[in-house]
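Be aware that the sequence shown starts at 1, since it is given in this note's numbering, and climbs by one per residue.
One structure is given below, encoded as C-alpha coordinates.
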Amino acid sequence: MKSSRIKGFHGLSVSDRREAALGKIETEDNSLLTDGGLSLSQAQLLVENIIGVFGLPLALAPNFLIDDQEWFIPMVTEEPSVVAAASNGARIAREGGGFHVTSSDSVTTCRILLQTPSPHKSREQIRSMRSHLLTQLGEKDPLLLSLGGGPVDLQCDEFSREQTLSLSLHVRCLDAMGANIVNTMGEQLVTLLHEAGVGRGLGSIITNGMPQRETTVTAHFPLLLLGRSNMTGNEAAGRICALAQWAIDDPYRAVTHNKGIMNGVTAVTLATGNDTRAQEAAAHFHAARSGKYSPLSIWQIIGDDLVGTCKMPCAVGTVGGMTALHPTVKLLFSRMGIKTARTLEALMVSTGLANNFAALWAIATEGIQRGHMALHAQRQKK
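The following block contains the structure:
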(Lines of atoms letter the chains of each structure in order from A and count residues from 1; the text may use other names and numbers.)
(Lines give C-alpha, C1' and ligand atoms only; values in the text may rest on other atoms or scores of the structure.)
Protein backbone atom coordinates (compact mmCIF):
# COMPACT_ATOMS: atom_id res chain seq x y z
CA MET A 1 0.00 0.00 0.00
CA LYS A 2 1.49 3.36 -1.06
CA SER A 3 2.01 5.75 1.85
CA SER A 4 0.16 9.06 1.79
CA ARG A 5 2.92 10.54 3.95
CA ILE A 6 4.99 12.38 1.35
CA LYS A 7 7.37 14.96 2.78
CA GLY A 8 7.31 18.17 0.79
CA PHE A 9 4.12 17.23 -1.05
CA HIS A 10 3.06 20.89 -1.09
CA GLY A 11 6.32 21.82 -2.83
CA LEU A 12 5.84 19.44 -5.77
CA SER A 13 4.60 20.65 -9.13
CA VAL A 14 0.93 20.10 -9.92
CA SER A 15 1.73 17.24 -12.32
CA ASP A 16 4.05 15.59 -9.78
CA ARG A 17 1.36 15.80 -7.10
CA ARG A 18 -1.12 14.16 -9.45
CA GLU A 19 1.24 11.31 -10.23
CA ALA A 20 2.30 10.84 -6.59
CA ALA A 21 -1.30 10.51 -5.42
CA LEU A 22 -3.19 9.13 -8.41
CA GLY A 23 -0.52 7.35 -10.44
CA LYS A 24 0.22 7.94 -14.10
CA ILE A 25 -2.70 9.75 -15.71
CA GLU A 26 -3.64 9.58 -19.37
CA THR A 27 -3.84 12.77 -21.44
CA GLU A 28 -7.64 12.76 -21.51
CA ASP A 29 -7.89 12.44 -17.72
CA ASN A 30 -5.23 15.11 -17.27
CA SER A 31 -7.41 17.49 -19.26
CA LEU A 32 -10.29 16.81 -16.85
CA LEU A 33 -8.14 17.98 -13.96
CA THR A 34 -6.73 20.94 -15.89
CA ASP A 35 -9.93 22.27 -17.45
CA GLY A 36 -12.42 21.64 -14.65
CA GLY A 37 -13.79 18.44 -16.11
CA LEU A 38 -17.24 19.73 -17.05
CA SER A 39 -18.32 20.79 -20.52
CA LEU A 40 -21.26 23.07 -21.22
CA SER A 41 -23.27 20.16 -22.57
CA GLN A 42 -22.60 18.18 -19.39
CA ALA A 43 -23.42 21.18 -17.21
CA GLN A 44 -26.82 21.45 -18.89
CA LEU A 45 -27.62 17.97 -17.56
CA LEU A 46 -27.13 19.20 -14.00
CA VAL A 47 -28.96 22.53 -13.64
CA GLU A 48 -31.20 24.93 -15.51
CA ASN A 49 -30.46 28.17 -17.35
CA ILE A 50 -26.69 27.74 -17.49
CA ILE A 51 -24.45 30.46 -18.91
CA GLY A 52 -21.08 28.84 -18.19
CA VAL A 53 -19.08 26.64 -15.83
CA PHE A 54 -17.70 28.00 -12.54
CA GLY A 55 -14.27 26.77 -11.44
CA LEU A 56 -12.89 26.09 -7.96
CA PRO A 57 -9.55 24.62 -6.86
CA LEU A 58 -9.34 20.83 -6.49
CA ALA A 59 -6.66 19.85 -3.98
CA LEU A 60 -5.41 16.71 -2.26
CA ALA A 61 -4.60 16.49 1.44
CA PRO A 62 -1.88 13.89 2.16
CA ASN A 63 -0.93 12.10 5.40
CA PHE A 64 -4.29 10.48 6.17
CA LEU A 65 -4.24 7.05 7.81
CA ILE A 66 -7.82 5.88 8.31
CA ASP A 67 -8.47 2.46 9.83
CA ASP A 68 -4.91 1.49 8.85
CA GLN A 69 -5.48 2.45 5.22
CA GLU A 70 -3.58 5.25 3.44
CA TRP A 71 -5.57 8.05 1.81
CA PHE A 72 -5.07 11.25 -0.11
CA ILE A 73 -8.22 13.29 0.54
CA PRO A 74 -9.83 15.20 -2.37
CA MET A 75 -10.96 18.68 -1.33
CA VAL A 76 -12.62 21.54 -3.21
CA THR A 77 -12.57 24.87 -1.37
CA GLU A 78 -11.86 28.54 -2.01
CA GLU A 79 -10.45 29.19 1.48
CA PRO A 80 -6.67 29.33 1.99
CA SER A 81 -5.13 27.19 4.76
CA VAL A 82 -7.97 24.65 4.94
CA VAL A 83 -6.12 21.99 2.91
CA ALA A 84 -2.83 22.73 4.67
CA ALA A 85 -4.54 22.48 8.07
CA ALA A 86 -6.15 19.14 7.22
CA SER A 87 -2.82 17.77 6.01
CA ASN A 88 -1.03 18.97 9.14
CA GLY A 89 -3.69 17.57 11.45
CA ALA A 90 -3.52 14.21 9.68
CA ARG A 91 0.28 14.22 9.97
CA ILE A 92 0.07 14.48 13.76
CA ALA A 93 -2.82 11.99 14.01
CA ARG A 94 -0.97 9.27 12.08
CA GLU A 95 1.74 9.33 14.78
CA GLY A 96 -0.97 8.26 17.22
CA GLY A 97 -2.31 5.50 14.97
CA GLY A 98 -4.41 7.55 12.58
CA PHE A 99 -8.18 7.93 12.48
CA HIS A 100 -10.55 5.17 13.60
CA VAL A 101 -14.11 5.05 12.32
CA THR A 102 -17.41 3.51 13.36
CA SER A 103 -20.53 3.93 11.22
CA SER A 104 -24.18 3.14 11.64
CA ASP A 105 -26.21 1.59 8.84
CA SER A 106 -26.74 3.50 5.58
CA VAL A 107 -30.36 4.27 6.40
CA THR A 108 -32.09 7.38 5.08
CA THR A 109 -35.41 8.56 6.49
CA CYS A 110 -38.55 9.96 4.89
CA ARG A 111 -41.00 12.03 6.95
CA ILE A 112 -44.70 11.78 6.16
CA LEU A 113 -47.63 13.85 7.44
CA LEU A 114 -51.09 12.24 7.37
CA GLN A 115 -54.44 13.90 7.93
CA THR A 116 -56.79 11.64 9.86
CA PRO A 117 -59.90 12.21 12.02
CA SER A 118 -58.52 9.78 14.61
CA PRO A 119 -54.71 9.79 14.95
CA HIS A 120 -54.84 7.13 17.67
CA LYS A 121 -56.88 4.76 15.48
CA SER A 122 -54.64 5.42 12.46
CA ARG A 123 -51.55 4.78 14.56
CA GLU A 124 -52.88 1.40 15.61
CA GLN A 125 -53.82 0.56 12.01
CA ILE A 126 -50.32 1.39 10.79
CA ARG A 127 -48.70 -0.66 13.54
CA SER A 128 -50.81 -3.67 12.62
CA MET A 129 -50.03 -3.20 8.90
CA ARG A 130 -46.34 -2.36 9.37
CA SER A 131 -44.78 -5.61 8.13
CA HIS A 132 -47.13 -5.84 5.16
CA LEU A 133 -46.50 -2.21 4.19
CA LEU A 134 -42.72 -2.66 4.33
CA THR A 135 -43.00 -5.76 2.15
CA GLN A 136 -45.15 -3.95 -0.39
CA LEU A 137 -42.74 -1.02 -0.57
CA GLY A 138 -39.74 -3.32 -0.95
CA GLU A 139 -41.39 -5.09 -3.86
CA LYS A 140 -41.69 -1.75 -5.66
CA ASP A 141 -37.85 -1.51 -5.83
CA PRO A 142 -36.70 -5.08 -6.51
CA LEU A 143 -33.17 -4.02 -7.53
CA LEU A 144 -32.51 -2.24 -4.23
CA LEU A 145 -34.02 -5.20 -2.38
CA SER A 146 -31.84 -7.70 -4.24
CA LEU A 147 -28.71 -5.74 -3.24
CA GLY A 148 -29.61 -5.88 0.44
CA GLY A 149 -31.35 -2.52 0.71
CA GLY A 150 -34.96 -1.47 1.01
CA PRO A 151 -37.38 -0.28 3.70
CA VAL A 152 -36.42 -1.44 7.20
CA ASP A 153 -38.82 0.31 9.59
CA LEU A 154 -41.94 2.44 9.83
CA GLN A 155 -42.56 4.50 12.97
CA CYS A 156 -45.41 6.70 14.18
CA ASP A 157 -44.49 9.77 16.22
CA GLU A 158 -46.27 10.81 19.39
CA PHE A 159 -46.12 14.60 18.97
CA SER A 160 -48.59 14.96 16.10
CA ARG A 161 -51.11 17.79 16.20
CA GLU A 162 -54.85 17.23 16.30
CA GLN A 163 -56.10 15.26 13.26
CA THR A 164 -52.61 14.70 11.91
CA LEU A 165 -50.07 11.94 12.33
CA SER A 166 -46.33 12.06 11.57
CA LEU A 167 -44.51 8.98 10.30
CA SER A 168 -40.88 8.03 9.73
CA LEU A 169 -40.06 5.58 6.94
CA HIS A 170 -36.49 4.29 7.25
CA VAL A 171 -34.88 2.89 4.09
CA ARG A 172 -31.49 1.20 3.75
CA CYS A 173 -30.06 2.98 0.70
CA LEU A 174 -26.66 1.26 0.59
CA ASP A 175 -24.19 3.46 -1.33
CA ALA A 176 -26.74 6.07 -2.42
CA MET A 177 -27.48 9.21 -0.43
CA GLY A 178 -31.05 8.11 -0.98
CA ALA A 179 -33.13 11.25 -1.46
CA ASN A 180 -34.82 10.01 -4.64
CA ILE A 181 -35.24 6.51 -3.21
CA VAL A 182 -36.97 7.57 0.02
CA ASN A 183 -39.02 10.33 -1.60
CA THR A 184 -40.39 7.79 -4.09
CA MET A 185 -41.13 5.23 -1.37
CA GLY A 186 -42.68 7.89 0.85
CA GLU A 187 -45.13 8.87 -1.86
CA GLN A 188 -45.88 5.21 -2.53
CA LEU A 189 -46.58 4.71 1.18
CA VAL A 190 -48.97 7.67 1.21
CA THR A 191 -50.93 6.03 -1.62
CA LEU A 192 -51.04 2.67 0.18
CA LEU A 193 -52.27 4.27 3.41
CA HIS A 194 -54.93 6.28 1.59
CA GLU A 195 -56.16 3.16 -0.22
CA ALA A 196 -56.35 1.33 3.13
CA GLY A 197 -58.45 4.12 4.65
CA VAL A 198 -55.81 5.09 7.20
CA GLY A 199 -55.53 8.77 6.27
CA ARG A 200 -54.82 11.31 3.57
CA GLY A 201 -51.26 12.38 2.87
CA LEU A 202 -50.48 16.07 3.37
CA GLY A 203 -46.79 15.76 2.58
CA SER A 204 -43.92 13.32 2.16
CA ILE A 205 -40.23 14.31 2.02
CA ILE A 206 -36.78 13.17 3.09
CA THR A 207 -35.45 14.51 6.39
CA ASN A 208 -31.92 15.83 6.12
CA GLY A 209 -31.54 15.12 9.82
CA MET A 210 -30.35 11.60 8.90
CA PRO A 211 -31.15 10.19 12.39
CA GLN A 212 -30.00 6.66 11.53
CA ARG A 213 -26.96 7.45 9.39
CA GLU A 214 -24.15 8.63 11.67
CA THR A 215 -20.36 8.33 11.54
CA THR A 216 -17.98 8.64 14.49
CA VAL A 217 -14.23 9.23 14.11
CA THR A 218 -11.62 9.16 16.89
CA ALA A 219 -7.93 10.06 16.71
CA HIS A 220 -5.03 10.24 19.19
CA PHE A 221 -2.58 13.14 18.96
CA PRO A 222 0.62 12.47 20.96
CA LEU A 223 1.29 15.20 23.53
CA LEU A 224 4.99 15.13 22.70
CA LEU A 225 4.22 16.50 19.23
CA LEU A 226 1.99 19.38 20.35
CA GLY A 227 4.62 21.64 21.88
CA ARG A 228 5.48 25.04 20.44
CA SER A 229 8.34 27.38 21.14
CA ASN A 230 6.20 29.14 23.74
CA MET A 231 4.70 26.10 25.53
CA THR A 232 4.94 22.35 26.12
CA GLY A 233 2.72 19.76 24.49
CA ASN A 234 0.91 19.18 27.79
CA GLU A 235 0.16 22.88 28.09
CA ALA A 236 -1.06 23.05 24.49
CA ALA A 237 -3.33 20.03 25.01
CA GLY A 238 -4.73 21.55 28.20
CA ARG A 239 -5.56 24.73 26.33
CA ILE A 240 -7.21 22.77 23.51
CA CYS A 241 -9.42 20.98 26.05
CA ALA A 242 -10.32 24.33 27.59
CA LEU A 243 -11.29 25.65 24.15
CA ALA A 244 -13.38 22.52 23.54
CA GLN A 245 -15.18 23.06 26.86
CA TRP A 246 -15.78 26.68 25.86
CA ALA A 247 -17.62 25.40 22.77
CA ILE A 248 -19.78 23.19 25.01
CA ASP A 249 -20.64 26.11 27.29
CA ASP A 250 -21.07 28.84 24.67
CA PRO A 251 -23.17 28.34 21.50
CA TYR A 252 -21.53 31.40 19.94
CA ARG A 253 -18.19 29.63 20.17
CA ALA A 254 -19.72 26.26 19.20
CA VAL A 255 -20.93 27.52 15.83
CA THR A 256 -17.42 28.61 14.82
CA HIS A 257 -15.93 25.43 16.31
CA ASN A 258 -18.26 23.48 14.01
CA LYS A 259 -17.56 25.73 11.04
CA GLY A 260 -13.92 24.66 11.35
CA ILE A 261 -14.99 21.02 11.21
CA MET A 262 -17.19 21.69 8.20
CA ASN A 263 -14.27 23.39 6.41
CA GLY A 264 -12.97 19.87 5.86
CA VAL A 265 -16.25 17.98 5.61
CA THR A 266 -17.81 20.32 3.05
CA ALA A 267 -14.65 20.44 0.93
CA VAL A 268 -14.68 16.64 0.62
CA THR A 269 -18.44 16.61 0.04
CA LEU A 270 -18.09 19.04 -2.87
CA ALA A 271 -15.04 17.31 -4.37
CA THR A 272 -16.96 14.04 -4.51
CA GLY A 273 -20.05 15.44 -6.21
CA ASN A 274 -22.35 15.34 -3.20
CA ASP A 275 -24.91 17.79 -1.83
CA THR A 276 -23.08 20.26 0.43
CA ARG A 277 -26.32 21.87 1.66
CA ALA A 278 -27.71 18.50 2.73
CA GLN A 279 -24.50 17.68 4.59
CA GLU A 280 -24.34 21.07 6.31
CA ALA A 281 -28.01 20.79 7.30
CA ALA A 282 -27.49 17.30 8.75
CA ALA A 283 -24.43 18.35 10.74
CA HIS A 284 -25.99 21.47 12.23
CA PHE A 285 -29.24 19.62 13.01
CA HIS A 286 -27.16 17.09 14.95
CA ALA A 287 -25.39 19.91 16.78
CA ALA A 288 -28.74 21.37 17.91
CA ARG A 289 -30.60 18.12 18.58
CA SER A 290 -30.62 18.59 22.38
CA GLY A 291 -32.22 22.04 22.08
CA LYS A 292 -28.89 23.78 22.68
CA TYR A 293 -26.40 24.25 19.85
CA SER A 294 -23.33 22.16 20.73
CA PRO A 295 -19.94 21.19 19.25
CA LEU A 296 -19.71 18.20 16.92
CA SER A 297 -16.46 17.08 18.55
CA ILE A 298 -15.14 16.47 22.05
CA TRP A 299 -11.54 16.60 23.26
CA GLN A 300 -9.83 15.09 26.29
CA ILE A 301 -6.38 14.09 27.50
CA ILE A 302 -5.99 10.33 27.96
CA GLY A 303 -2.58 9.15 29.07
CA ASP A 304 0.05 10.61 26.76
CA ASP A 305 -2.41 11.61 24.04
CA LEU A 306 -4.88 14.32 23.23
CA VAL A 307 -7.93 12.40 22.01
CA GLY A 308 -10.53 13.91 19.70
CA THR A 309 -13.86 12.39 18.69
CA CYS A 310 -16.19 13.78 16.03
CA LYS A 311 -19.68 12.44 15.39
CA MET A 312 -22.19 13.58 12.79
CA PRO A 313 -24.80 12.33 10.32
CA CYS A 314 -23.54 11.90 6.76
CA ALA A 315 -25.83 12.64 3.83
CA VAL A 316 -23.68 11.39 0.94
CA GLY A 317 -23.35 8.59 -1.59
CA THR A 318 -21.03 7.12 -4.18
CA VAL A 319 -23.76 6.26 -6.69
CA GLY A 320 -26.46 8.41 -8.24
CA GLY A 321 -26.77 12.17 -8.58
CA MET A 322 -23.73 14.11 -9.74
CA THR A 323 -21.43 11.23 -8.78
CA ALA A 324 -22.65 9.47 -11.92
CA LEU A 325 -22.47 12.53 -14.18
CA HIS A 326 -19.38 14.57 -13.34
CA PRO A 327 -16.29 13.21 -15.16
CA THR A 328 -13.81 14.47 -12.55
CA VAL A 329 -15.76 12.90 -9.70
CA LYS A 330 -15.80 9.59 -11.55
CA LEU A 331 -12.04 9.88 -12.13
CA LEU A 332 -11.38 10.56 -8.44
CA PHE A 333 -13.55 7.67 -7.29
CA SER A 334 -11.80 5.31 -9.71
CA ARG A 335 -8.21 6.41 -9.01
CA MET A 336 -8.60 6.76 -5.25
CA GLY A 337 -10.66 3.64 -4.63
CA ILE A 338 -13.68 5.40 -3.13
CA LYS A 339 -16.29 2.71 -3.73
CA THR A 340 -18.78 2.83 -0.86
CA ALA A 341 -20.74 5.48 0.99
CA ARG A 342 -19.22 4.29 4.26
CA THR A 343 -15.73 4.87 2.91
CA LEU A 344 -16.65 8.36 1.79
CA GLU A 345 -18.26 9.14 5.15
CA ALA A 346 -15.06 8.02 6.90
CA LEU A 347 -12.96 10.32 4.70
CA MET A 348 -15.27 13.28 5.31
CA VAL A 349 -15.48 13.07 9.09
CA SER A 350 -11.77 12.25 9.46
CA THR A 351 -10.96 15.37 7.46
CA GLY A 352 -13.33 17.39 9.62
CA LEU A 353 -11.61 16.17 12.78
CA ALA A 354 -8.17 16.93 11.31
CA ASN A 355 -9.26 20.48 10.49
CA ASN A 356 -10.80 20.88 13.94
CA PHE A 357 -7.58 19.79 15.63
CA ALA A 358 -5.46 22.10 13.49
CA ALA A 359 -7.68 25.10 14.25
CA LEU A 360 -7.77 24.43 18.00
CA TRP A 361 -4.02 23.83 18.09
CA ALA A 362 -3.39 27.13 16.34
CA ILE A 363 -5.79 29.10 18.55
CA ALA A 364 -4.32 27.54 21.69
CA THR A 365 -0.70 28.27 20.79
CA GLU A 366 0.27 30.85 18.16
CA GLY A 367 -3.16 32.26 17.28
CA ILE A 368 -5.31 31.46 14.25
CA GLN A 369 -4.11 34.37 12.12
CA ARG A 370 -0.43 33.51 11.82
CA GLY A 371 -0.68 30.52 9.50
CA HIS A 372 -3.95 31.51 7.87
CA MET A 373 -2.85 35.04 7.03
CA ALA A 374 0.53 33.85 5.76
CA LEU A 375 -1.23 31.72 3.14
CA HIS A 376 -3.71 34.50 2.46
CA ALA A 377 -0.83 36.90 1.86
CA GLN A 378 0.71 34.49 -0.65
CA ARG A 379 -2.55 34.53 -2.59
CA GLN A 380 -2.69 38.33 -2.57
CA LYS A 381 0.80 38.58 -4.09
CA LYS A 382 -0.12 36.47 -7.14
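The C-beta atom is built at its ideal place from N, Cα and C for all residues, glycine as well.
Contact annotation: S106 and G178 have beta-carbon atoms nearer than 9 Å. From the listed residues M185, I51 and T365, the smallest Cα separation to M231 is found for T365. It is roughly 23 Å from the alpha-carbon of W299 to the alpha-carbon of R213.
Taking 9 Å as the cut-off, the Cβ atoms of E70 and S4 count as close. Judged by beta-carbon spacing, L347 lies beyond the 9 Å limit of G308, meaning their Cβ atoms are not closer than that value. A straight-line Cα-Cα distance of about 23 Å links T276 and F99.
When T351, M322, L360 and L331 are compared, the shortest CA-CA separation from V47 is found for M322. Put simply, the backbone Cα of I205 is about 49 Å away from that of G233. Residue nearest to W361 within the set V190, H326, G96 and G238 is G238 (criterion: CA-CA distance).
By the neighbour-count definition (other C-beta atoms within 10 Å, threshold 16), H10 is an exposed residue.
About 4 Å separates the CB atoms of F357 and G89; that is less than 8 Å, so the two are in contact.
9 Å or more divides the Cβ of L114 from the Cβ of L60. Closest by C-alpha distance to A281, out of G37, C314, L243 and P295, is C314.
Remark: three or more beta-carbon pairs, one from each stretch, lie closer than 8 Å, so the segment 143-155 and the segment 174-189 are flagged as touching. Leaving aside the five residues that flank R253 on each side, the residues in its chain whose CB is nearer than 7 Å to its CB run, in chain order, W246 and A247. The DSSP-derived three-state label of V198 is coil. Across the set V190, L147, D68 and E345, the C-alpha of D68 shows the shortest separation from the C-alpha of G97. Annotated three-state conformation of G233 is helix, per DSSP. With respect to the 9 Å criterion, A43 and G52 are classified as neighbours on the basis of their beta carbons. Contact annotation, T215 with M312: C-beta distance approximately 7 Å; criterion of less than 8 Å satisfied.
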